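**Student:** First the structure, then my questions, so here it is.
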Amino acid sequence: MSQAVDAGAAPATADERSARRSALARLLARPEAGSLAGAVVIYVFFFAVAPPFRGLDALATILYASSTIGIPAVAVALLMIGGEFDLSAGVAVTSSALVASMLSFQLTLNLWVGIAVGLLLALGVGALNGYLVMRTGIPSFLVTLATFLMLQGLNLAITKVITGNVASPDISDMDGFGTARKVFAAEWDLGGLSLRISVVWWLLFTAVATWVLLRTRVGNWIFAVGGAQASARAVGVPVRRVKIGLFMTVGFLAWFTGMNLLFSFTTVQSGEGVGNEFLYIIAAVIGGCLLTGGYGSAIGAATGAFIFGMTTQGIVYAGWNADWFKFFLGAMLLLATLLNLWVRRRTEAAR
Amino acid sequence: MSGTTTRAPLVRLTGCEKRYGTIVALTGVSLEVGAGEVTCVLGDNGAGKSTLIKIISGMHQADAGTYEVEGEPVRFGSPREALERGIATVYQDLAVVPLMPVWRNFFLGSEVRRGAGPLRRLDIRFMRDTTRTELRNMGIDLRDVDQPIGTLSGGERQCVAIARAVYFGAKVLILDEPTAALGVKQAGVVLRYIMRARERGLGVVFITHNPHHAYPVGDRFLLLNRGRPLGTYAKGEITRERLTTLMAGGEELEQLSHELEGTAAADAGLGRVAEELEQDVAGLSGEAAAPPEQGS
Numbered sequence: 190m191s192q193a194v195d196a197g198a199a200p201a202t203a204d205e206r207s208a209r210r211s212a213l214a215r216l217l218a219r220p221e222a223g224s225l226a227g228a229v230v231i232y233v234f235f236f237a238v239a240p241p242f243r244g245l246d247a248l249a250t251i252l253y254a255s256s257t258i259g260i261p262a263v264a265v266a267l268l269m270i271g272g273e274f275d276l277s278a279g280v281a282v283t284s285s286a287l288v289a290s291m292l293s294f295q296l297t298l299n300l301w302v303g304i305a306v307g308l309l310l311a312l313g314v315g316a317l318n319g320y321l322v323m324r325t326g327i328p329s330f331l332v333t334l335a336t337f338l339m340l341q342g343l344n345l346a347i348t349k350v351i352t353g354n355v356a357s358p359d360i361s362d363m364d365g366f367g368t369a370r371k372v373f374a375a376e377w378d379l380g381g382l383s384l385r386i387s388v389v390w391w392l393l394f395t396a397v398a399t400w401v402l403l404r405t406r407v408g409n410w411i412f413a414v415g416g417a418q419a420s421a422r423a424v425g426v427p428v429r430r431v432k433i434g435l436f437m438t439v440g441f442l443a444w445f446t447g448m449n450l451l452f453s454f455t456t457v458q459s460g461e462g463v464g465n466e467f468l469y470i471i472a473a474v475i476g477g478c479l480l481t482g483g484y485g486s487a488i489g490a491a492t493g494a495f496i497f498g499m500t501t502q503g504i505v506y507a508g509w510n511a512d513w514f515k516f517f518l519g520a521m522l523l524l525a526t527l528l529n530l531w532v533r534r535r536t537e538a539a540r
Numbered sequence: 013m014s015g016t017t018t019r020a021p022l023v024r025l026t027g028c029e030k031r032y033g034t035i036v037a038l039t040g041v042s043l044e045v046g047a048g049e050v051t052c053v054l055g056d057n058g059a060g061k062s063t064l065i066k067i068i069s070g071m072h073q074a075d076a077g078t079y080e081v082e083g084e085p086v087r088f089g090s091p092r093e094a095l096e097r098g099i100a101t102v103y104q105d106l107a108v109v110p111l112m113p114v115w116r117n118f119f120l121g122s123e124v125r126r127g128a129g130p131l132r133r134l135d136i137r138f139m140r141d142t143t144r145t146e147l148r149n150m151g152i153d154l155r156d157v158d159q160p161i162g163t164l165s166g167g168e169r170q171c172v173a174i175a176r177a178v179y180f181g182a183k184v185l186i187l188d189e190p191t192a193a194l195g196v197k198q199a200g201v202v203l204r205y206i207m208r209a210r211e212r213g214l215g216v217v218f219i220t221h222n223p224h225h226a227y228p229v230g231d232r233f234l235l236l237n238r239g240r241p242l243g244t245y246a247k248g249e250i251t252r253e254r255l256t257t258l259m260a261g262g263e264e265l266e267q268l269s270h271e272l273e274g275t276a277a278a279d280a281g282l283g284r285v286a287e288e289l290e291q292d293v294a295g296l297s298g299e300a301a302a303p304p305e306q307g308s
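Note that the protein sequences, when read in sequence, are chains W and P.
Position one of the first sequence corresponds to residue 190 (the working numbering), numbered consecutively onward.
Position one of the second sequence corresponds to residue 13 (the working numbering), numbered consecutively onward.
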């Protein structure tokens with residue numbers, strides 16, 4: 190109480206007033222502002238043209254579709270803010286799910302063992318990506334393109350060798366399935382409305398990432414390594430550790446998404462996940478992340494994923510041909526990129 | 013030299029030598045700077061200025077000669093060690109992140125935190141207020157320390173970088189060509205700032221190739237040419253004209269000025285530009301030489 194009074198009374202200068210007046214301006218200057226406005230427009234649009242879109246059950250479906258993109262997109266956004274790319278994120282989702290299910294199935298282990306090994310593998314791939322990028326200076330686009338191809342090949346080949354098939358075996362009757370499903374793929378019935386746990390996880394990860402980015406030292410470092418790596422190093426930021434950590438975060442959330450898929454569907458197709466890495470990147474970019482790094486937000490990435498979810502489902506609810514979806518996605522990406530470009534020009538105008 | 017102070021100088025190099033393989037980058041160079049003094053290091057490109065900076069800042073070690081900090085011989089293994097002794101270097105690229113707010117840049121790498129455990133977080137209010145106060149103390153009044161540092165002018169950014177070094181306990185500032193990429197007015201801002209740092213009792217090593225920037229603020233001038241000292245002068249011992257001519261390229265500057273005057277007759281517009289330039293330079297040195305009234 191007294192603190193609030195102090196703050197109001199002591200520095201009652203011109204500075205204070207101008208700061209207060211610019212609160213709206215400051216909101217508009219946030220990276221996610223454009224995507225939030227876009228989300229509202231798209232919501233209103235589908236609300237108007239597609240009656241089935243208006244129900245709460247539709248919203249639940251949209252949120253679930255958004256969460257499967259949104260969870261890895263949070264990590265991809267952090268990585269992009271840190272100035273790097275990860276093209277292997279999409280297949281890493283499938284890899285972790287395949288490892289978790291096939292390892293447990295073949296060795297008849299508790300599923301949690303497979304889950305843990307899958308996590309180690311995903312973190313390892315992330316660490317390898319990060320280490321190679323930092324050690325060699327090869328752009329992360331190329332390094333992760335290579336790991337993307339290698340993982341894709343391993344997914345297909347190993348699954349074929351082990352199961353003689355393109356899908357992992359059904360694990361629904363194995364030890365640990367019940368508890369794992371509760372953690373990764375629970376579904377609650379809220380008065381006829383089914384809410385998936387992945388939506389909760391998605392919002393939680395977004396909140397944590399936002400807090401880390403804006404309120405912690407590591408967050409400061411992420412912006413710095415992405416915005417000006419040499420400068421960050423010069424003032425003592427541990428650039429290599431930050432970036433490797435970011436790649437491992439992508440690995441972690443890719444693994445989490447893989448577990449969600451595995452325990453939702455009990456089996457995984459070995460060819461799945463290809464192309465999803467672009468959806469994660471698109472969500473991050475629509476949400477205001479600069480491709481060049483140093484700028485962006487986790488809330489923006491979540492909003493980008495939500496826009497993705499609304500559009501995929503909205504087109505279905507509106508009864509349109511789903512072929513239109515890609516066009517919409519492309520148009521939004523273009524708009525978002527133009528907006529970002531404008532933002533960066535403005536901030537760097539004085540350079 | 014002016015060695016009238018009883019205390020040992022903050023930084024003293026004697027007979028410094030540095031070789032890269034068979035190439036002698038620096039030889040026989042001595043330099044000192046005391047508290048509240050500005051030592052200017054002048055030289056054209058390739059004179060050995062950057063090698064000298066690297067030795068003082070702890071990035072490299074001299075192959076011969078001594079390096080003393082406050083009278084105590086030192087041998088720095090890294091810039092961090094030099095920083096711990098209060099020797100801070102502000103490089104030309106300033107080590108700032110353009111897209112980040114001013115206050116985040118100010119504390120980058122030395123963030124102040126509060127709370128404990130997983131809730132340990134940035135003390136944003138403290139850092140914001142400190143940034144504003146520190147900059148105001150140095151005569152820069154920013155409306156908003158939340159604006160990206162990239163929106164500041166080159167001179168202001170330079171000043172933020174210097175203020176940062178001062179705040180984090182620098183006793184000696186090494187400034188690597190702080191005015192090189194700046195316009196006349198902006199350079200004036202930075203020169204005034206160097207004077208402020210001096211008034212606060214810091215030692216400043218000001219590296220530049222511009223004698224017009226060095227002369228008004230310097231107490232001592234070390235001229236380098238191809239890795240060798242051309243001479244060390246106290247302020248009273250040398251005139252601005254002499255300093256200019258001694259600098260490599262001094263004659264060329266004179267020639268260029270004549271050429272400009274010649275062309276001015278033919279082209280009125282260019283003549284005006286040359287005139288304005290001259291006035292600016294004159295006004296600038298006047299301001300910088302008489303700084304105490306400004307602001308404080």
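All C-beta atoms, glycine included, are put in the ideal place defined by N, C-alpha and C.
It should be emphasised that the depicted structure is a prediction, and the values quoted were computed from it without experimental measurement.
Looking at the structure shown, is phenylalanine 233 of chain P part of a helix, part of a strand, or coil, going by DSSP?
**Tutor:** If DSSP states are grouped into helix, strand and coil, phenylalanine 233 of chain P belongs with the strands.
**Student:** Please list the partners that tyrosine 179 of chain P has in chain W, where partner means a Cβ-to-Cβ separation under 8 Å.
**Tutor:** Per Cβ cutoff of 8 Å: no residues; tyrosine 179 of chain P is ~13 Å from chain W at best.
**Student:** So, helix, strand or coil for cysteine 171 of chain P, using DSSP?
**Tutor:** Cysteine 171 of chain P: helix per DSSP, three-state reduction.
**Student:** Measuring from the CB of proline 328 of chain W, is there a heavy atom of the ligand MG at a distance below 8 Å?
**Tutor:** Judged by which ligands are present, the structure shown has none, so any question about the ligand MG falls away.
**Student:** Taking valine 45 of chain P and leucine 22 of chain P to be in contact with their CB atoms under 8 Å, please state how far apart those CB atoms are, rounded to whole angstroms.
**Tutor:** Their Cβ separation, rounded to whole angstroms, is 6 Å, which keeps valine 45 of chain P and leucine 22 of chain P in contact under 8 Å.
**Student:** Which one of P/Lys197, P/Ala107, P/Leu43 and P/Ala59 has the shortest CA to CA distance from alanine 413 of chain W?
**Tutor:** Closest by alpha carbon: P/Ala107.
**Student:** Taking only three categories from DSSP, how would you classify serine 453 of chain W?
**Tutor:** The answer is helix: DSSP assigns serine 453 of chain W an H, G or I state.
**Student:** Taking leucine 38 of chain P as the query, report the chain W residues whose CB atoms sit under 8 Å from its CB, ordered along the chain.
**Tutor:** Result: empty, since nearest Cβ-Cβ is about 23 Å, beyond 8 Å.
**Student:** Go through its chain and collect everything with a Cβ distance to arginine 210 of chain W's Cβ below 7 Å, but skip five positions before and after it.
**Tutor:** With a pLDDT of only 45 at arginine 210 of chain W, under the threshold of 50, the placement of this residue in the model should not be trusted, and no figure is reported.
**Student:** Which residues in chain P sit within 7 Å of glycine 460 of chain W, going by Cβ to Cβ distance?
**Tutor:** Result: empty, since nearest Cβ-Cβ is about 39 Å, beyond 7 Å.
**Student:** By the 10 Å Cβ neighbour count, where 16 or more other Cβ atoms means buried, how is aspartate 378 of chain W classified, buried or exposed?
**Tutor:** Classification of aspartate 378 of chain W: exposed, given that the 10 Å Cβ count is below 16.
**Student:** Please name the residue in W/Leu392, W/Leu393, W/Ala375 and W/Phe394 whose C-alpha comes closest to that of isoleucine 386 of chain W.
**Tutor:** Nearest option by C-alpha distance: W/Ala375.
**Student:** Would the beta-carbon of alanine 262 of chain W fall within 9 Å of that of alanine 473 of chain W?
**Tutor:** Yes, they are a contact pair.
**Student:** Check this for me: beta carbons of glycine 83 of chain P and arginine 24 of chain P, under 9 Å apart or not?
**Tutor:** Cβ atoms of glycine 83 of chain P and arginine 24 of chain P: closer than 9 Å.
**Student:** With a cut-off of 8 Å on the beta carbons, I'd call glutamate 221 of chain W and glycine 477 of chain W a contact; round off their distance for me.
**Tutor:** Yes, glutamate 221 of chain W and glycine 477 of chain W are in contact; Cβ-Cβ is about 5 Å, under 8 Å.
**Student:** What does glycine 483 of chain W reach in chain P if we use C-beta pairs closer than 9 Å?
**Tutor:** Chain P residues near glycine 483 of chain W: Val109, Pro110, Leu111 and Met112.
**Student:** For isoleucine 174 of chain P, decide whether its Cβ has a neighbour in chain W, counting only Cβ atoms nearer than 9 Å.
**Tutor:** Isoleucine 174 of chain P does not count as touching chain W.
**Student:** Identify the contact partners of arginine 204 of chain P in chain W, using a Cβ-Cβ distance below 8 Å as the criterion.
**Tutor:** Those do not exist, as arginine 204 of chain P stays about 20 Å from chain W at its closest Cβ, beyond 8 Å.
**Student:** Taking 9 Å as the cut-off, decide whether the C-beta atoms of arginine 232 of chain P and cysteine 28 of chain P are in contact.
**Tutor:** Result no, Cβ atoms of arginine 232 of chain P and cysteine 28 of chain P do not sit closer than 9 Å.
**Student:** Check whether chain W comes within 9 Å of serine 42 of chain P, counting only Cβ atoms and requiring the distance to be less than that.
**Tutor:** It does not: the Cβ of serine 42 of chain P has no partner Cβ on chain W nearer than 9 Å.
**Student:** Using the Cβ count rule (16 or more neighbours within 10 Å means buried), how would you classify alanine 35 of chain P?
**Tutor:** Just to set this straight, residue 35 of chain P is isoleucine in the shown sequence, not alanine. The residue is exposed, with fewer than 16 neighbouring Cβ atoms inside 10 Å.
**Student:** Taking the beta strand (DSSP E) that tryptophan 377 of chain W belongs to, which residues open and close that run?
**Tutor:** Counting along the chain, the beta strand (DSSP E) containing tryptophan 377 of chain W begins and ends at 376-379.
**Student:** Determine the direct distance from the alpha carbon of asparagine 344 of chain W to that of alanine 398 of chain W, and round the result to whole angstroms.
**Tutor:** Cα to Cα, alanine 398 of chain W sits roughly 30 Å from asparagine 344 of chain W.
**Student:** Could you work out which residue in W/Gly482, W/Gly440, W/Ser459 and W/Met448 is closest to glycine 571 of chain W when comparing CA atoms only?
**Tutor:** Outside the displayed span of chain W (190 to 540) sits residue 571 of chain W, for which this structure offers no information.
**Student:** What residue range is occupied by the uninterrupted beta strand (DSSP E) comprising phenylalanine 119 of chain P?
**Tutor:** Where phenylalanine 119 of chain P is concerned, there is no enclosing beta strand (DSSP E), although the alpha helix (DSSP H) it sits in stretches over 114-119.
**Student:** Is the separation between the beta-carbon of arginine 429 of chain W and that of methionine 269 of chain W shorter than 9 Å?
**Tutor:** Contact: no.
**Student:** List, in chain order, every chain W residue whose beta-carbon is nearer than 7 Å to that of glycine 121 of chain P.
**Tutor:** Simply Val424, Gly425 and Val426.
**Student:** Could you check if isoleucine 411 of chain W is buried or exposed, using at least 16 other CB atoms within 10 Å of its CB as the buried criterion?
**Tutor:** Buried: at least 16 other Cβ atoms inside 10 Å.
**Student:** When DSSP labels each residue in this structure, what does leucine 242 of chain P get in the three-state scheme?
**Tutor:** Residue state, collapsed to three classes: strand.
**Student:** Can you pull the chain W residues whose beta carbon is under 8 Å from the beta carbon of tyrosine 227 of chain P, in chain order?
**Tutor:** Chain W residues near tyrosine 227 of chain P: none, gap ~29 Å exceeds 8 Å.
**Student:** For arginine 24 of chain P, write down the residues that DSSP places opposite it in a beta bridge.
**Tutor:** In DSSP, arginine 24 of chain P forms a bridge with P/Glu44 and P/Glu80.
**Student:** For isoleucine 304 of chain W versus glycine 367 of chain W, is the C-beta spacing smaller than 9 Å?
**Tutor:** Going by C-beta atoms, isoleucine 304 of chain W is not nearer than 9 Å to glycine 367 of chain W.
**Student:** Do leucine 619 of chain W and isoleucine 488 of chain W have their CB atoms nearer than 9 Å?
**Tutor:** Outside the displayed span of chain W (190 to 540) sits residue 619 of chain W, for which this structure offers no information.
**Student:** When the Cα of valine 431 of chain W is compared with those of W/Phe516, W/Asn318, W/Ile347 and W/Asp359, which residue comes out closest?
**Tutor:** Ranking the options by Cα distance to valine 431 of chain W, first place goes to W/Asn318.
**Student:** With H, G and I counted as helix, E and B as strand and the rest as coil, what does DSSP make of proline 110 of chain P?
**Tutor:** Proline 110 of chain P falls in the coil class under three-state DSSP.
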